[in-house]
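Everything in the sequence shown is counted per the working numbering, starting at 574 for the first residue and increasing by one.
For each residue, glycine too, the CB sits at the ideal point set by N, CA and C.
None of these values were measured; they are calculated from a predicted model.
Some notes on the structure that comes next.
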Amino acid sequence: MPDLLELENVGAGYGETVVLESLSMKLAAGQALSILGRNGVGKTTLLNTILGLTTQHSGVIRYKGRDLGRTPSHERARAGLGLVTQERDIFPSLTVDENLRVALRAGEWDAAGVYALFPRLAERKKNMGNQLSGGEQQMLAIGRALIGNPDVLLLDEPFEGLAPVIVDGLVDAFRKLHQTGRMGIVLVEQHAELALELTERAIVLDRGQISWQGPSRELLGDPEQLARLIGLDMAA
Ligand SMILES: Nc1ncnc2c1ncn2[C@@H]1O[C@H](COP(=O)(O)OP(=O)(O)OP(=O)(O)O)[C@@H](O)[C@H]1O
Ligand SMILES: [Mg+2]
């Protein structure tokens with residue numbers, strides 16, 4: 574079986590600006606991969622590149638064995654690449670329920686499944702997108718990606734800026750998704766230890782290049798190397 578997602582020597586950026594250089598990685602079905610690194614190293618750009626939202630300068634991105642080439646972003650989404658952006662992108666003037674249903678794509682996940690995963694969202698069903706707390710917005714953003722029944726779920730700093738108790742709830746949801754699903758998950762995260770605990774493999778980016786790649790366990794067990802790679806303040 575081919576890897577679900579494979580990047581081979583991918584270079585990308587915005588217009589002529591180069592952000593990522595010759596990046597290679599693989600993701601198998603059911604696997605979770607952390608993307609770690611300091612601010613501005615290119616983590617979001619990597620997710621955007623997989624979705625076709627940047628200028629790809631070189632290399633190949635294969636999804637289910639097929640070269641995505643110049644496949645436009647909306648087609649990549651329809652083919653099963655689901656992105657939860659750092660901005661969350663909730664429609665402010667649609668209700669929670671409407672926000673969910675516009676993203677529906679046939680498959681295992683439906684609104685009932687999302688509400689079972691996030692009971693808090695079920696309580697807020699009739700509220701407008703702009704009436705939600707940060708944590709609720711994040712649940713809705715993840716729910717919207719899930720209801721699109723992605724084969725690859727790309728999460729850009731899903732725990733950022735949220736209270737610890739909210740993060741705990743989202744971490745529980747992440748574990749459920751990962752343990753029960755066949756989805757491949759890419760988790761961009763600043764909290765390295767947490768991300769490493771949640772994933773099997775990890776990539777550390779530094780100025781658009783991979784500075785480390787391997788089993789998450791290995792990096793988790795080597796705090797000195799982790800601190801060297803991403804900085805002391807980020808490692809905790
Ligand atoms: N739309 C854009 N146009 C031009 N350059 C951009 C654009 N978005 C990001 N960049 C540049 O690309 C580089 C990588 O940014 P990116 O947002 O991918 O980093 P990041 O690792 O996600 O950072 P953060 O941790 O702050 O989210 C930065 O130098 C940034 O200034
Ligand atoms: Mg980012």
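Can you tell which of the options has the C-alpha that lies nearest to the C-alpha of residue i?
i: residue 715; options: 788, 576, 644, 690; result: 690
i: residue 704; options: 779, 666, 695, 671; result: 666
i: residue 777; options: 802, 757, 767; result: 802
i: residue 767; options: 695, 756, 744; result: 744
i: residue 630; options: 585, 602, 694, 722; result: 585
i: residue 582; options: 783, 790, 644, 684; result: 783
i: residue 723; options: 609, 648, 794, 663; result: 648
Excluding sequence positions up to five away, which residues of its chain have a Cβ less than 7 Å from the Cβ of residue i?
i: residue 707; result: 734, 735
i: residue 730; result: 659, 761, 762, 763
i: residue 638; result: 575
Taking 7 Å as the cut-off, is the beta-carbon of residue i closer than that to any non-hydrogen atom of ligand 2?
i: residue 710; result: no
i: residue 745; result: no
i: residue 617; result: yes
i: residue 835; result: Outside the shown range of the chain (574 to 809) lies residue 835, about which nothing can therefore be said.
i: residue 659; result: yes
In chain order, what residues of the same chain lie with their CB nearer than 6 Å to the CB of residue i, ignoring the 5 residues before and after it?
i: residue 727; result: 620, 656, 759
i: residue 636; result: 578
On the criterion of 16 or more Cβ atoms from any shown chain inside 10 Å, does residue i qualify as buried, or is it exposed?
i: residue 681; result: exposed
i: residue 672; result: buried
i: residue 788; result: exposed
i: residue 752; result: exposed
i: residue 685; result: exposed
i: residue 698; result: exposed
i: residue 590; result: exposed
How about residue i: is its Cβ closer than 7 Å to a heavy atom in ligand 1?
i: residue 622; result: no
Would the beta-carbon of residue i fall within 8 Å of that of residue j?
i: residue 654; j: residue 623; result: yes
i: residue 596; j: residue 580; result: yes
i: residue 771; j: residue 747; result: yes
i: residue 750; j: residue 720; result: no
i: residue 628; j: residue 688; result: no
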